[in-house]
């Protein structure tokens, strides 16, 4: 253990009189719990110009939302998201609902003068996403900020990888590989939840996992995906209907079955704007892979590799070294100089999945205080959406190479 | 993502009227920050019979402790630990000070009728530890609980490893290997902090790292270390004195030097009560190893391996399988059935170092509510202390094999 | 060490009177050296019905081929491959020349009544490969055998993976991923060798590395690639011409440059006959990856992963196990029950790259003695060729999905 | 693939008229097979000043030795090792028998004017080893060479590790860890072979595995073990007698049992001459570890780690790099500049266990031709023997620290 009382208590702590930032959150399931953790913890670990205040959480079921508020640490509960937006003690609206409601809530919140954090994917369609970008643009002129929740950018190893690429440590990029592998749909008896229906989920593995993969690729490279060629597949075409009124993701299947209307897996190749070649894969059928978001970048001067299942590690090969002593090195991204580590523990004391939400809250609070646009912006979210749309278009057209419309040109 | 709103909000949340457990913490440096995280978070993630209340934190410097209270989320600040103990809103005293003050505070707290959580090592001497065990015994009769903070038992992979051993999956144990490797003293210019002086720290790598190693070995095996043969070494015998009045662990060295009076590294072999052979190592000079607590157990029916630098993984070899398909398997200890995972995220979404303090708080709250003795008890802490004392005795006697006095027999 | 004199000397050794199989090899560069090792060693390690006799090696330069014969252990040297084929002491012709000469030599040898081993890729065009398959078919009726040198099938881990798939341990396959990554062309100053010109090499990374990738995928799955969608790229379009008369792969570049006429990298997606999705990649620009042929298969009942850079290991996940103890296990494929291991060393004593050529020689000798067709046959080689042709066709047509003609239907 | 015909055929091959070095080998079990491979192959891969000639092999059973000669490639067979030594076509005697016959054969061969290669351990006792060193010293004056077969020094990764240490890349050494873990005795029903009886084997895991561990530690560090403190154990004290007349290591157990008279495992700590601390372990009970010789060295400027189960890899941490980009790098020790690689394959094409014997033959041939003493010398073998003797002495004296007599001082 290396520490001083000073350091361990987090450097120069904010004075007791730090102004508050009132947060109102819509939705309190998996993402809501994770975001709550972020809001509760950020100001305890990092120096923040504003202290997040968990003002109110919103859900449809009055009793359930009250219980969740008590559990997750929110001061109040609301059952109507419009009422939440209208609260005076809410300056920032955090949207953790399924994708089909993102556009309506986000645009309303922005127009009501609130800052917005919106879970990924930004929306279920490109059109919705475009409307959200427009609303965010108008709001930005009023000093509001809007961010989309691609939290994996805030894994310290990913943020550090980005800085190595930006510094030119990889040189000119030749290859980008991203796979996001999970396995929870491999059993054909798993029931037909809302995530497997196009009307609610928009798409399947593509939107859920592929969105992360594409955002991370564009973030790490600092480049855009210029075009794609894609195959998608629904391996299990019929699944048991959910028994009872369950609206969640698990539950018991009934004897009846219904059609799965989203993709089970998507594989695609891509060209990046620099000419680098990309390969992407998103699936829920990779048996034994639980949450394996794997990235590898190869450039003329070096390579990087990362796997979310070992999120404290970054593999880096430096091609400028003599061949006899070179090789992929396993960097433990836990040094005080690494991104986000100033608030945490001594070297080697690893972080977990939920720390990314603390970092997200930290960065967003700084953006609000500074009045500057945070990344990933809604425009970044739209960039991802357009890639996903091109993937679906290519898959529908026999995998023909399909350009992704340029955001700036549109 | 797999979840229902229900599950993600943590199952059946405690009713709003859950009674509180008032916690008072002494010390607010590295361990204090980690414990604060645990107390703040446990009730937000797990179903608890009592809701921890961060009543007051105690430190010598009035301004610093007020700042720390604000930062870490404590309702009040105290500058005298006796006053903290005396507070009516404090039912549990959490001791995060250096080892030389543990005995006095813990015994006073127990005698004042408070539950106690005491950081490891339990004390700096066996005698102090024995007095603490006696005090805890008396307190237990009054329904109080006392626990020592060997938090690595609460890494899910370690807890799961223990259950595999207890179920007999390894069969009769033959080998136990534990290394705790760090590297932060490798630079001879690193200054002479309190951790390098016997009067304050008790011992060096042995008490700091070796204590964890020994506790984990005894916990995982369910056996005691019966005797040891040890070498210790102080590689850098003089170090620069700290410039200025810094009392922490870092700081600038001055031109003057002073003697290092604790061990830099300790290596020892051991016999366990079952006849298994053990090898142990604790060092702060293992360049490149940041926080690498490595354990391997070999039994007649299987083996387990673990490295704290990859704390979400457990390696398990099952010797009862056909040789052609057997091999160490990498279990991602993130399934809902794994210890502590019911409160967290879907499979593959890893935890970090600080989660162990949330688990510690959880388990202690349950023990308080049930009035049952939690593990690791003060007696477990004393067991570790006796092993460390035997290591020092053996090292002083030319490594001769030195039995560890049996706790029950003493 | 576990052994008996009996076992270590290889079981029941062939009686001194074992008949010989005369081998004549064309070409003596990298592949020639590797094949020579295989022929020299197979009968020393395995029980063979025929003892390989290194009768003669053939090359254009009289002195160089004589020197190579002495070095590599061949009894005679020839400068005309037709003379080699005509030799009475040659019953098997082993073709280690570049791909543009394979068809002519192989067909001549088969028509002369010789058995043939032909290095991969089988040929530079589908038409040549078809002619070779036809010749092999005619020869088979005369009791001759013909094999193509996809040696990676003979890595024990790959052979064992195939048997696990064939036994149904993976269940229905969903995903196939194969990457063959090297990095030796990353430097733009690397000269324009014959491997970078279409007329000599046929294609670039696709034919050199992609051929292995496709054969291994079809071998391991027991399925055919049904269609592909591909992007190819030549990153460095001009390279320095070779200075001097060097015909090899290295050498000094001159000031003049010439165009690279083959692909530097190929990425493609695929559908297998069962409906599984495939992703493939072949490149010489993956900085830090030296010879990394990575394979992963995901099926409903399990998964397999392999990396040629760790060729003694196979990762296997068994989905039928309880989730709490499951995970990818690292099988050391060095048990006596594993393929090819009966001739080698005790468990844990790993094999290397060149052992695959010993195994290839072993299997081919058995096939010759039994008069049965060995795998991979020329037809297997043609199957690979057709996939590569479909890749090139798709790449030329904007990545559109391109079916691979069925061998049996053609 | 990167090669030229020139390179792949091994550089400048020895002229056909290279003089021969006649080798006579005693014993033809596991080690005999491995050595035969080395002698057969070295001249086919490396440029050698003398071409090894497998003149004759010697064993007690006339028929078995004739069969082995045919199988392994020896020109003649002998049944009396004295006759082998006397042969005019034998200039070098290679001793692959159990340890209790090493001294007699080696001394006789040296006195007959032959060069000698002797398998490890050099002898079963220090006294025998001393006599052998004396004989080697006398022979050296006559221009003969003598080497002991610690083949793991000739794993390229180990040889390269040695060069990094010698260049000062690790700086002052602080820690040396060596474990040699196997698991083939874990089953108590495994029979009582000669390896488990003190009279034939000398010791158990200590002499078999510990000898390699100690030699490798002394080789890599360039230091001597100054003293040790040891525990040894025989876990299974009685085992079934071998049924029938089997003299090998496997075979069926009978109903009767007999006592195991050697150690099953040995663990010891050590001090090196520089003051570095060492930990050693040798066992045949580490379930799941097949041939895992693990080494880690920590110095002030860097660290190295190696595992024989991944013998083509070396892990290197360079402490002189900035902490943010440092970490253990996995060097694939397959570059042409790495030790022994000049004769083999392109980067990433790994070697196996048996390649170490080819390297051993290569180095010994060079030593014979140059008339210079090769390493490891008989003196190196004696140094190991003395450490093992000190281990046994310490274990017999309650683990008390036991100095190892200095070779030069004796």
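Chains as they are written, first to last, in UniProt numbering: chain A, 1 to 410; chain B, 1 to 410; chain C, 1 to 410; chain D, 1 to 410. Glycine included, each C-beta is placed from N, C-alpha and C at the ideal position.
query: Can you tell me where the alpha helix (DSSP H) with residue 214 (chain B) in it begins and where it stops?; result: 211 to 221
query: Give a yes or no on whether 8 Å exceeds the smallest Cβ distance from residue 338 (chain C) to chain B.; result: yes
query: Flag residue 316 (chain C) as yes if its beta-carbon sits less than 8 Å from any beta-carbon of chain B, otherwise no.; result: yes
query: Could you have a look at residue 99 (chain C) and say whether DSSP puts it in helix, strand or coil?; result: helix
query: The beta strand (DSSP E) with residue 318 (chain C) in it runs from where to where?; result: 313 to 318
query: Taking CB distances under 8 Å as the criterion, tell me whether residue 19 (chain A) reaches chain B.; result: no
query: If you measure between the beta carbons of residue 203 (chain C) and residue 263 (chain C), is that distance less than 8 Å?; result: yes
query: Identify the contact partners of residue 285 (chain C) in chain A, using a Cβ-Cβ distance below 7 Å as the criterion.; result: 174, 175 and 298
query: What's the C-alpha gap between residue 246 (chain A) and residue 30 (chain A)?; result: With a pLDDT of 48 at residue 246 (chain A), under the threshold of 50, the modelled position of this residue cannot be trusted, and the question is left open.
query: Looking at C-alpha atoms only, which residue of C:313, C:270 and C:305 is the closest neighbour of residue 290 (chain D)?; result: C:313
query: Roughly how far, in whole angstroms, is the beta-carbon of residue 385 (chain B) from the beta-carbon of residue 176 (chain B), given that I think they are within contact range, below 8 Å?; result: Rounded, the Cβ-Cβ distance is 19 Å, inconsistent with contact.
query: Between residue 324 (chain C) and chain B, is there a C-beta pair that is closer than 8 Å?; result: yes
query: When you compare the CB positions of residue 54 (chain C) and residue 75 (chain C), do they come within less than 8 Å of one another, or not?; result: yes
query: Please report how far the alpha carbon of residue 171 (chain B) lies from the alpha carbon of residue 161 (chain B), in whole angstroms.; result: 13 Å
query: In whole angstroms, what separates the C-alpha of residue 401 (chain B) from that of residue 356 (chain B)?; result: 35 Å
query: Taking Cβ positions only, does residue 398 (chain D) come closer than 8 Å to chain B?; result: yes
query: Could you tell me the distance, in whole angstroms, from the CA atom of residue 8 (chain A) to the CA atom of residue 50 (chain B)?; result: Note on residue 8 (chain A): pLDDT 39, under 50, position unreliable in the model; the coordinate value appears next. Approximately 28 Å, taken between the alpha carbons.
query: Taking all protein chains shown into account, decide if residue 454 (chain B) is buried (16 or more other Cβ within 10 angstroms of its Cβ) or exposed.; result: The structure shown has nothing for residue 454 (chain B), since chain B only spans 1 to 410.
query: I'd like to know if the segment 86 to 102 of chain A and the segment 17 to 26 of chain A are in contact, where contact means that at least 3 CB-CB pairs between them fall below 8 Å.; result: yes
query: Output the boundary residues of the beta strand (DSSP E) element that contains residue 77 (chain B).; result: 76 to 78
query: Compare the beta carbon distance of residue 391 (chain B) and residue 268 (chain B) with 8 Å and say whether it is the shorter of the two.; result: yes
query: Could you tell me which uninterrupted beta strand (DSSP E) segments, each at least 3 residues in length, are contained entirely in the segment 136 to 174 of chain D, listed from first to last along the chain?; result: 146 to 149
query: What is the DSSP secondary structure of residue 380 (chain A), counted as helix, strand or coil?; result: helix
query: With DSSP as the reference, label residue 334 (chain D) as helix, strand or coil.; result: coil
query: Does the pairing of the segment 340 to 352 of chain B with the segment 330 to 338 of chain A give three or more beta-carbon distances under 8 Å?; result: no
query: Along chain C, which residues have their Cβ under 7 Å away from the Cβ of residue 311 (chain D)?; result: 350
query: Going by C-alpha distance, which of D:81, D:283, D:48 and D:166 is nearest residue 303 (chain D)?; result: D:166
query: Closest to residue 370 (chain A) by C-alpha separation, out of A:292, A:58, A:115 and A:42, would be which residue?; result: A:115
query: Below 7 Å between beta carbons is the criterion; list the residues of the segment 67 to 91 of chain A that meet it against any residue of chain B, in chain order.; result: 67, 68, 70, 71, 72 and 73
query: Going by DSSP, which residues form a beta bridge with residue 301 (chain A)?; result: Paired residue(s): none; residue 301 (chain A) is not in a bridge.
query: Scan the segment 345 to 377 of chain D for residues whose Cβ lies nearer than 9 Å to a Cβ of chain C and list them as they occur along the chain.; result: 345, 346, 347, 348, 349, 350, 351, 352, 353, 354 and 355
query: Measuring CB to CB, does residue 129 (chain B) end up less than 8 Å from residue 122 (chain B)?; result: yes
query: Name the chain C residues whose beta carbon is nearer than 7 Å to that of residue 328 (chain B)?; result: 329 and 330
query: At the 8 Å Cβ level, is residue 260 (chain A) part of the contact set with chain C, yes or no?; result: no
query: Which same chain residues, not among the five before or five after residue 376 (chain D), have their C-beta less than 6 Å away from its C-beta?; result: 148 and 150
query: Would you mind telling me which residues of chain A sit closer than 8 Å to residue 335 (chain D), beta carbon to beta carbon, in chain order?; result: 323 and 324
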